[in-house]
Amino acid sequence: MAGAEQAKAGGRRSEEGSLFAREAARLMQDRHCTDVLLLDLTGISQVCDYIVIGSGTSDRQMRSVSEEIGKLGKDTGYTWCRTNSDPSSTWIVVDFIDVVVHLFEPSRRAYYDLEDLWSDARQVEFAQQG
1 MAGAEQAKAG GRRSEEGSLF AREAARLMQD RHCTDVLLLD LTGISQVCDY
51 IVIGSGTSDR QMRSVSEEIG KLGKDTGYTW CRTNSDPSST WIVVDFIDVV
101 VHLFEPSRRA YYDLEDLWSD ARQVEFAQQG
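The opening position of the sequence shown corresponds to residue 1 in my numbering, with each subsequent residue numbered one higher.
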């Protein structure tokens with residue numbers, strides 16, 4: 001693939017990632033996750049372009065939301081790479097390569113404080129317009 005074609009494909013993938021990350025954030029908010037945050041790490045991280053962070057109210061809710069996010073990815077052609085969670089389900093990570101979703105139990109979220117770790121990232125609005 002020539003340089004210009006690669007740049008065009010990369011831009012298209014980044015746009016798809018942005019749209020998917022917004023949908024995932026909205027889904028988390030709709031399913032009563034709290035303090036949902038979407039950060040744009042484009043140009044900051046070599047690992048992913050977007051992270052979505054939210055707090056759950058219970059391990060059952062967090063597992064359910066992670067499954068729904070996986071289904072959202074599948075339905076939109078954005079299939080996930082893997083899901084990891086700690087044994088007590090206080091932190092679930094759903095990895096879509098370009099987009100990584102973190103579901104936390106509130107005290108675990110405060111402990112790891114990803115918001116501070118990525119404080120140089122731009123916060124992205126994800127509320128549905130109109």
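Quick reminder that beta carbons are idealized off the backbone N, C-alpha and C, glycines included.
Small disclaimer: the values here were computed from a predicted structure and weren't measured.
- Excluding the 5 residues flanking it on each side, S14 has same chain C-beta neighbours closer than 8 angstroms at T42, D49 and D98, in chain order.
- With a beta-carbon spacing of about 16 angstroms, F126 and G73 fall beyond the 8 angstroms limit used to define contacts.
- At least 8 angstroms separates the beta-carbon of I69 from that of V93.
- Secondary structure of R63 (DSSP, three-state): helix.
- Proximity of the stretch 78-89 to the stretch 26-46 falls short of the contact definition, fewer than three beta-carbon pairs being nearer than 8 angstroms.
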